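Everything on this sheet refers to the single structure shown next.
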Amino acid sequence: MKQVFSKITSTTLALLVLLSTFSFTVEKHYCGDFLMDVSYVGNADGCNMEMAKTVISKIKTCCKDEIHKIEGQDELQSNSELKFDFQKQQFLGTFLISYKDLFLDNTSEKTVYKDFSPPDIPIDYQVLYQSFLI
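What follows is the structure, encoded as structure tokens:
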């Protein structure tokens, strides 16, 4: 079970690193107020409205292109500022051992002898030391 959890965790972290560095572009072509084409890989196709160059210069075109660029990370940084000197290692080791000992199960068995008679006492100590209850 521990190996399965470890594999799932490592796969998830690898995908997270891959997706954080992944960047892509979404291109949309509008003709008027209507969305005509969306492209995730290449250029979005136009609506094939051919206008004369003189008309384009006089009248503003109704077609427009939108480009949404989603960029990922360029560089992955590694934190090497975390330095463990001997005191921190010693504290961490003692903390982990004491924390682990908090959750140990105490499985001591209590044995009860029902049919056990007390041992025979060969000497009567009360008479020997002459200590009687008054």
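Going letter by letter, the sequence shown gives residues -25 to -1, 1 to 109 in mature numbering (1 follows the signal peptide of the UniProt record, and there is no 0).
Cβ coordinates follow ideal geometry from the N, Cα and C atoms, glycine included.
Owing to the predicted nature of the structure, the values given are computational and were not obtained by experimental measurement.
Run the CB neighbour count on residue 19, radius 10 Å, all protein chains shown included, and call it buried at 16 or more, exposed below.
buried
What separation, rounded to the nearest whole angstrom, lies between the Cα atoms of residue 11 and residue 4?
One C-alpha to the other measures close to 6 Å.
When the Cα atoms are used, what is the spatial distance from residue 39 to residue -16?
44 Å
Let's see if you can read the secondary structure: which residues bound the alpha helix (DSSP H) around residue 104?
100 to 104
Please name the residue, chosen from -21, 47 and 43, that lies closest to residue -9 on a Cα-to-Cα basis.
47
I need the straight-line Cα distance from residue 67 to residue 60, nearest angstrom please.
For residue 67 and residue 60, the distance between alpha carbons rounds to 11 Å.
Three-state secondary structure (DSSP) of residue 40
strand
Between which two residues does the alpha helix (DSSP H) containing residue 67 stretch?
61 to 77
Length of the line joining the Cα atoms of residue 79 and residue 63:
One Cα belongs to residue 79, the other to residue 63, and the distance between them is close to 25 Å.
If residue 13 and residue 43 are in contact, beta carbons under 8 Å, what's the gap, nearest whole angstrom?
About 10 Å separates the two Cβ atoms, so there is no contact after all.
How would you write the range of the beta strand (DSSP E) that residue -1 sits in, first residue to last?
Where residue -1 is concerned, the enclosing beta strand (DSSP E) stretches over -2 to 6.
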